[in-house]
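Sequential numbering of the sequence shown, starting at 161, is according to this note's numbering.
Here the structure comes first, spelled out in structure tokens, and everything after it is commentary.
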Amino acid sequence: MTALFGDIIFGPVRSRRLGISLGVNLLPVVSKLCNFNCIYCECGWNSAFPASRSFNSRSEVRQLLGERLHEMAAAGECPDVITFAGNGEPTTHPDFEAIIDDTITLRDEICPSAKVSVLSNATMISRPEVFRALNRVDNNILKLDSVFDDTVRILNDPASPAFSVASVIEGMRKFEGRLIVQTMFLRGEYAGHKIDNTTEKEVSAWLSALAEVRPEKVMIYTIDRDTPAENLQKIPADELQAIAARVEAFGIPVSVSV
Ligand code: SF4
Numbered sequence: 161m162t163a164l165f166g167d168i169i170f171g172p173v174r175s176r177r178l179g180i181s182l183g184v185n186l187l188p189v190v191s192k193l194c195n196f197n198c199i200y201c202e203c204g205w206n207s208a209f210p211a212s213r214s215f216n217s218r219s220e221v222r223q224l225l226g227e228r229l230h231e232m233a234a235a236g237e238c239p240d241v242i243t244f245a246g247n248g249e250p251t252t253h254p255d256f257e258a259i260i261d262d263t264i265t266l267r268d269e270i271c272p273s274a275k276v277s278v279l280s281n282a283t284m285i286s287r288p289e290v291f292r293a294l295n296r297v298d299n300n301i302l303k304l305d306s307v308f309d310d311t312v313r314i315l316n317d318p319a320s321p322a323f324s325v326a327s328v329i330e331g332m333r334k335f336e337g338r339l340i341v342q343t344m345f346l347r348g349e350y351a352g353h354k355i356d357n358t359t360e361k362e363v364s365a366w367l368s369a370l371a372e373v374r375p376e377k378v379m380i381y382t383i384d385r386d387t388p389a390e391n392l393q394k395i396p397a398d399e400l401q402a403i404a405a406r407v408e409a410f411g412i413p414v415s416v417s418v
């Protein structure tokens, strides 16, 4: 079963990729709110949540995050990372930039060793305020599951008919290396389509995009929990390692999570 994050501040959890992570969910706690509808989304399909779709307010996020960081610092247990994730896409929040500034201020005051990470689907990076905010965080982690629009339409199902991977890649280039690319590899079937972003055509085009974007790091992973689409398969560790080796050949560090 897929599941929502039930709080604005959640965890800390031990993240496969980030260490001890205190989560911040800017999206509704009772509903998913995302401009993608990925077939592997751990929160489920967008259509399962038709109502109650409002963002958590900046003031509430600041207050709750401050309280939790104070508690953790008092216990000598500051998190390794404060991670913006949760029930949808954090950069769609209208106050995203201000919330990032609040978070950096709280981090500097209370848990200065914690990194600030944002897990984003990269759809909003062309907006100047989102671009500025992501430039200020420690880990700007942006999704790129395929460089083919047809694949992304099935795998990630962007809400915008105008979405194009080319514009995402162009936006990624503008960070001049201050980004981490995250890619979910999987295969299976969905709605009569075969899906596999590990084919040579997919991987070699994805590698060319990475060579262009020059991220500071790449995170590759595969399915870990229940997915809303049923016929999806994990990619075995040795296959992910083989893909990782091809990224490393460009001099870009890679982490592999299985
Ligand atoms: S971008 Fe993230 S939150 Fe949105 S549908 Fe995809 S996996 Fe879910």
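Ideal Cβ placement from N, Cα and C applies to all residues, glycine included.
Source: prediction; values computed, not measured.
Which value, in whole angstroms, describes the spacing of the CA atoms of Arg176 and Ser417? The count along the sequence shown starts at 1 and reaches residue 176 at position 16. The count along the sequence shown starts at 1 and reaches residue 417 at position 257. Spanning the two alpha carbons is a distance of roughly 6 angstroms.
Cβ shell of Thr311 (< 8 angstroms), same chain only, five flanking positions each side left out: Translated into positions along the sequence shown, residue 311 becomes position 151. Taken in chain order, the residues that qualify are Asp305, Ile355, Asn357, Glu362.
What first and last residue would you give for the alpha helix (DSSP H) that runs through Lys361? Translated into the one-based positions of the sequence shown, residue 361 becomes position 201. Element bounds for Lys361: 360 to 373.
contact_flag[the stretch 197 to 207, the stretch 162 to 174] where n(CB pairs < 8 angstroms) is 3 or more: Three or more pairs of CB atoms, one per stretch, sit closer than 8 angstroms, so the stretch 197 to 207 contacts the stretch 162 to 174.
Is any heavy atom in ligand 1 found nearer than 7 angstroms to the beta carbon of Asn299? Stepping through the sequence shown from its first residue, residue 299 is reached at position 139. No.
Does Arg292 pass the burial test, meaning 16 or more other C-beta atoms within 10 Å, or should it be called exposed? Sequence index remark: in the sequence shown, residue 292 carries index 132 (1-based). Exposed is the call here.
Spatial distance of Asn216 from Lys192 (CA atoms): By 1-based counting over the sequence shown, the position of residue 216 is 56. By 1-based counting over the sequence shown, the position of residue 192 is 32. Cα to Cα, the separation comes out at about 12 angstroms.
In the DSSP output, which residue or residues are listed as bridge partners for Tyr200? Counting from 1 along the sequence shown, the entry for residue 200 is found at position 40. According to the DSSP secondary-structure assignment, Tyr200 is paired through a beta bridge with no residue.
Residue span of the beta strand (DSSP E) that contains Gly236, given as start and end: Sequence index remark: in the sequence shown, residue 236 carries index 76 (1-based). Premise fails: Gly236 is in no beta strand (DSSP E) and is neither H nor E.
Along the chain, where does the alpha helix (DSSP H) containing Lys331 start, and where does it finish? Here residue 331 refers to the residue found at position 171 when the sequence shown is read from its first residue. Residue 331 is actually Gly in this sequence, not Lys. That run of the alpha helix (DSSP H) goes 325 to 333.
Ser320 to Asn195, Cα distance in whole Å? The count along the sequence shown starts at 1 and reaches residue 320 at position 160. The count along the sequence shown starts at 1 and reaches residue 195 at position 35. Cα to Cα, the separation comes out at about 8 angstroms.
Count the other CB atoms within 10 Å of the CB of His353; is the residue buried (16 or more) or exposed (fewer)? Position 193 of the sequence shown, counting from 1, holds the residue named residue 353. Exposed, by the Cβ-count rule.
On a Cα-Cα basis, can you pick out the residue from Phe323, Ala235, Val189 that is closest to Ala282? Residue numbering aside, residue 282 sits at position 122 when the sequence shown is read from its first letter. Residue Phe323 is the option with its Cα nearest to Ala282.
Assigned secondary structure, Ser181 (DSSP; H/G/I helix, E/B strand, else coil): Mapped onto the sequence shown, residue 181 falls at position 21. In this structure, Ser181 counts as strand in the three-state DSSP scheme.
Terminal residues of the alpha helix (DSSP H) in which Ala397 lies: Walking along the sequence shown from the start, residue 397 turns up at place 237. That run of the alpha helix (DSSP H) goes 397 to 408.
Using beta-carbon positions only, say whether Ile199 and Ala389 come within less than 8 angstroms of one another. Looking up residue 199 in the sequence shown gives position 39. Looking up residue 389 in the sequence shown gives position 229. Yes, these two residues count as a Cβ contact at 8 angstroms.
Under the rule that 16 or more other beta-carbon atoms within 10 Å means buried, what is Gly411, buried or exposed? For this step, residue 411 is matched to residue 251 along the sequence shown. Looking at its Cβ environment, which holds fewer than 16 other Cβ atoms inside 10 Å, Gly411 is exposed.
Give me, in chain order, the residues of the same chain whose beta-carbon lies closer than 7 angstroms to that of Ile380; leave out the 5 immediate sequence neighbours on both sides. Counted from its first residue, the sequence shown places residue 380 at position 220. Taken in chain order, the residues that qualify are Thr343, Phe345, Leu400, Ile403, Ala404, Val414, Val416.
On a Cα-Cα basis, can you pick out the residue from Tyr350, Ile395, Leu370 that is closest to Arg313? Taking the first residue of the sequence shown as 1, we reach residue 313 at position 153. Checking every option, the nearest Cα to that of Arg313 belongs to Tyr350.
Backbone CA spacing between Thr243 and Glu360 [nearest angstrom]: Against the sequence shown, residue 243 aligns to sequence position 83. Against the sequence shown, residue 360 aligns to sequence position 200. Their backbone Cα atoms lie some 33 angstroms apart in a straight line.
Looking only at its chain, what residues have a beta carbon closer than 7 angstroms to the beta carbon of Ala258, apart from the 5 residues adjacent to it on each side? Translated into the one-based positions of the sequence shown, residue 258 becomes position 98. Hits under 7 angstroms: Arg218.
For Leu302, which option in Phe308, Lys377, Ser181 has the closest C-alpha, if you only look at C-alpha atoms? Sequence index remark: in the sequence shown, residue 302 carries index 142 (1-based). Ranking Phe308, Lys377, Ser181 by Cα distance to Leu302 puts Lys377 first.
What are the boundary residues of the alpha helix (DSSP H) that Leu186 is part of? Start at 1 with the first residue of the sequence shown, and residue 186 comes out as number 26. Run containing Leu186: none; DSSP gives neither H nor E here.
Is the closest heavy atom of ligand 1 to the C-beta of Gly348 under 7 angstroms? Mapped onto the sequence shown, residue 348 falls at position 188. Not under cutoff, so the answer is no.
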